[in-house]
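K.L.:
Sharing a structure with you now.
There are 2 protein chains.
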Amino acid sequence: MQDRPEEAQAAVYAPTDRTVPTRSADRASYDRELVHAILDEGYVCHLGFVRDGAPVVLPTLYGRVGERLYVHGSTGSRPLRTAGGSGLPVCLTVTHVDGLVLARSAFHHSVNYRSVVVHGVAHQVTDPEERRLALDALVDHVVPGRAADSRPADRKELAATAVIRLDLEEVSAKVRTGGANDDPADLSLPYWAGVVPLRKGYGTPVPNADLAPGIPLPDYLAAR
Amino acid sequence: MQDRPEEAQAAVYAPTDRTVPTRSADRASYDRELVHAILDEGYVCHLGFVRDGAPVVLPTLYGRVGERLYVHGSTGSRPLRTAGGSGLPVCLTVTHVDGLVLARSAFHHSVNYRSVVVHGVAHQVTDPEERRLALDALVDHVVPGRAADSRPADRKELAATAVIRLDLEEVSAKVRTGGANDDPADLSLPYWAGVVPLRKGYGTPVPNADLAPGIPLPDYLAAR
């Protein structure tokens, strides 16, 4: 790969001091496609920032457009206001828990998971065209295709919404898969070991009580 | 409630500047039982701390014993080492996404969720008895009853494990439920509105490839 830096750049994010883990380094990945896939499967990220010297971690919706992540909120929100100046240092994390890993030893209990951690400085988006794109991405992230099938934000709503952008540059994924990794001496212990998969799916859509009569369930929901 | 401060303290956490949200304050709750229920239903929390002035948010397992949360990790882990000194300011957040909320307007799209945010200073646990209790809680948090049905940590494993504690003092929950809250003027728009519930469940347990023959699936797993 080192002979072809262009290809290498396309396929992976460059590791940095912050994205090389001190533990379980074998679980870390900088693969761009894997990172995108993990991000696109989530609904809520955990956004961390520093307020008065202390960490704050809040769950929030996000959207992705290529190598850009977008988060939105009220223009009155303190962190989003901060991002309007010199930018807001953030850490944005998305995690999927895929299974419970039961080992013979308490020590080796774990979960199977896939996570992405993004470090960077978030900036407020002011360009009207990019703001529209970002807000569409936020809605389409919840349900692909939905932005085009809803009323776009009007001037008043746009004025009340702050959008911040975080570029995907300093990024890593971490993935644990497979069964329990017990010590050889423990393999004969009389405890069950294995994985309990966690299943996720969609329930039957519940129409709003005030839904006008005659509006069918959209195809993009019926397909689920 | 103000006439009976003792009862009030038992039922709710006292709000602070950090736990009163600037937005959607009607979704905030300080109810102790609700906080416990949200925490107990999760598998992974997002732990935020500050490193070199920048926020870091990492997914990690946790356990609860009464009003104490425990997180563990390698003794080599940087944040956990920091917690061994004067303590590590952290923000620990647990979120469940329960449904996708589709409104007629892009602006009112949302998710139904339940989250808990805990602020505080985490301290390393050095008392051997409390460390054992914490490690049992971490395993039992993954599968209740499992700590007693596995090999406890030996001296070497205990020496390699750092445990930190975060007391539940500065805590809030936030909950969104129900359908889309569109503006009255939008109710007649020809877009479907409602909630797509997200379902979570357990798949069939997968025994480890190296599981000794004759070890049955434990009752606490079969019951799922």
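So the protein lines, in turn, are chains A and B.
Counting from 16, one number per residue, gives the positions in the first sequence under our numbering.
Counting from 16, one number per residue, gives the positions in the second sequence under our numbering.
Ideal placement from N, C-alpha and C gives every residue a C-beta, glycine not left out.
Model, not experiment: these values are computed from the prediction.
1. To the nearest angstrom, how far is the alpha carbon of Arg38/B from that of Pro30/B?
2. Express the C-alpha separation of Phe64/A and Ser165/B in angstroms, rounding to a whole number.
3. Determine the extent of the alpha helix (DSSP H) in which Val190/A is found, giving its start and end residues.
4. Between the Cα of Asp155/A and the Cα atoms of Ala25/A, Ala43/A, Ser203/A, Asp55/A, which residue gives the shortest distance?
5. Where DSSP assigns a beta bridge to Leu117/A, which residues make up the other side?
6. Taking the straight line between their C-alpha atoms, what separation do you get for Gly229/A and Asp201/B?
7. Output, in chain order, the set of chain A residues within a Cβ distance shorter than 9 Å of Asp234/B.
8. So what's Pro104/A in DSSP terms, helix, strand or just coil?
9. Out of Val133/A, Ala121/A, Ala208/A, Ser120/A, which has the shortest C-alpha to C-alpha gap to Val105/A?
10. With a floor of 4 residues, list each alpha helix (DSSP H) that falls wholly inside the stretch 132 to 181 of chain A, ordered by position along the chain.
11. At a CB-CB cut-off below 9 Å, which residues of chain B make contact with Ala238/A?
12. What residues of chain B sit near Gly91/A, judged by a beta carbon separation below 8 Å?
13. Thinking C-beta only, is Gln139/B closer than 9 Å to Leu181/B?
14. Taking 9 Å as the threshold (beta carbon to beta carbon), is Leu150/B in contact with chain A?
15. What distance in whole Å lies between the Cβ atoms of Tyr217/A and Pro212/B, which are believed to be in contact at a cut-off of 8 Å?
16. Quick one: list the residues of chain A neighbouring His51/B, beta-carbon separation under 8 Å, in chain order.
17. List the endpoints of the continuous alpha helix (DSSP H) containing Arg47/A.
18. Please list the residues of the stretch 177 to 197 of chain B that have a C-beta atom closer than 7 Å to any C-beta atom in chain A, keeping them in chain order.
19. Could you tell me the distance, in whole angstroms, from the CA atom of Arg161/B to the CA atom of Pro222/A?
20. Measuring CB to CB, does Asp197/A end up less than 9 Å from Ala118/A?
21. So, with DSSP's three-state summary, where would you put Leu232/B?
22. Apart from the five residues on each side of it in sequence, which residues of its chain come closer than 7 Å, Cβ to Cβ, to Val109/B?
23. Chain B beta carbons: is any one of them nearer than 9 Å to that of Val140/A?
24. With a threshold of 9 Å between beta carbons, is Gly160/B in contact with chain A?
25. Can you give me the C-alpha to C-alpha distance between Ala227/A and Asn127/B, rounded to a whole angstrom?
26. What number of angstroms, rounded off, separates the C-alpha of Gly99/B from the C-alpha of Pro36/B?
27. Between the beta-carbon of Arg214/B and the beta-carbon of Arg66/A, is there less than 9 Å?
28. Between which two residues does the beta strand (DSSP E) containing Arg83/A stretch?
29. Within 10 angstroms of the Cβ of Pro205/A, are there 16 or more other Cβ atoms? Answer buried if so, exposed if not.
P.N.:
In this structure, then:
1. Here the question's residue 38/B lines up with position 23 in the second sequence. Here the question's residue 30/B lines up with position 15 in the second sequence. Their Cα atoms are separated by approximately 15 Å.
2. Taking the second sequence and counting its residues from 1, the one referred to as residue 165/B is at position 150. Taking the first sequence and counting its residues from 1, the one referred to as residue 64/A is at position 49. Going from the Cα of Ser165/B to the Cα of Phe64/A covers about 39 Å.
3. Here residue 190/A corresponds to residue number 175 of the first sequence, with the count starting at 1. Segment 185 to 191 is the beta strand (DSSP E) holding Val190/A; no alpha helix (DSSP H) there.
4. Walking along the first sequence from the start, residue 155/A turns up at place 140. Cα-wise, what sits closest to Asp155/A is Asp55/A.
5. Numbered from its first residue, the first sequence carries residue 117/A at position 102. Answer is Gly209/A, bridged to Leu117/A.
6. As a position in the first sequence, residue 229/A is number 214, starting the count at 1. As a position in the second sequence, residue 201/B is number 186, starting the count at 1. Going by the C-alpha atoms only, they are around 16 Å apart.
7. Against the second sequence, residue 234/B aligns to sequence position 219. None at all; the shortest Cβ gap to chain A is about 10 Å.
8. For the purposes of this step, residue 104/A is taken as residue 89 along the first sequence, with counting starting at 1. Here Pro104/A sits in strand by DSSP.
9. Position 90 of the first sequence, counted from the start, is the residue given in the question as residue 105/A. Nearest option by C-alpha distance: Val133/A.
10. 143 to 157, 170 to 175
11. Within the first sequence, numbered from 1, the residue matching residue 238/A stands at position 223. None at all; the shortest Cβ gap to chain B is about 12 Å.
12. As a working mapping, residue 91/A is identified with position 76 in the first sequence. By Cβ distance, chain B contributes Thr37, Arg38.
13. As a working note, residue 181/B is residue 166 in the second sequence. As a working note, residue 139/B is residue 124 in the second sequence. Going by C-beta atoms, Leu181/B is not nearer than 9 Å to Gln139/B.
14. For the purposes of this step, residue 150/B is identified with residue 135 of the second sequence, where counting begins at 1. It does: the Cβ of Leu150/B has a partner Cβ on chain A nearer than 9 Å.
15. As a working note, residue 212/B is residue 197 in the second sequence. As a working note, residue 217/A is residue 202 in the first sequence. With a Cβ gap of about 7 Å, Pro212/B and Tyr217/A count as contacting.
16. The count along the second sequence starts at 1 and reaches residue 51/B at position 36. What His51/B touches in chain A: nothing, since even the nearest Cβ is about 18 Å away.
17. In the first sequence, counting from the first residue as 1, residue 47/A sits at position 32. Looking at the DSSP string, the run of the alpha helix (DSSP H) that includes Arg47/A is 47 to 56.
18. Gly194, Ala195
19. Locating residue 161/B in the second sequence gives position 146, counting from the first residue. Locating residue 222/A in the first sequence gives position 207, counting from the first residue. About 41 Å.
20. On the first sequence, residue 197/A is found 182 positions in, with the first residue counted as 1. On the first sequence, residue 118/A is found 103 positions in, with the first residue counted as 1. Between Asp197/A and Ala118/A, the gap from beta carbon to beta carbon is short of 9 Å.
21. For this step, residue 232/B is matched to residue 217 along the second sequence. Residue state, collapsed to three classes: coil.
22. As a working note, residue 109/B is residue 94 in the second sequence. Excluding residues within five positions, the ones whose Cβ falls inside 7 Å are Ile53, Leu54, Gly57, Cys60, Ser130, Val131.
23. Counting from 1 along the first sequence, the entry for residue 140/A is found at position 125. No, its Cβ sits nowhere closer than 9 Å to a Cβ of chain B.
24. Position 145 of the second sequence holds residue 160/B. Not one chain A Cβ lies under 9 Å of Gly160/B.
25. Start at 1 with the first residue of the first sequence, and residue 227/A comes out as number 212. Start at 1 with the first residue of the second sequence, and residue 127/B comes out as number 112. For Ala227/A and Asn127/B, the distance between alpha carbons rounds to 22 Å.
26. Position 84 of the second sequence, counted from the start, is the residue given in the question as residue 99/B. Position 21 of the second sequence, counted from the start, is the residue given in the question as residue 36/B. Distance between the alpha carbons of Gly99/B and Pro36/B is about 31 Å.
27. Counting from one through the second sequence, the residue named residue 214/B turns up at place 199. Counting from one through the first sequence, the residue named residue 66/A turns up at place 51. Not a contact, by the Cβ cut-off of 9 Å.
28. By one-based count along the first sequence, residue 83/A stands at place 68. Run containing Arg83/A: 83 to 89, per the beta strand (DSSP E) assignment.
29. For the purposes of this step, residue 205/A is taken as residue 190 along the first sequence, with counting starting at 1. Exposed is the call here.
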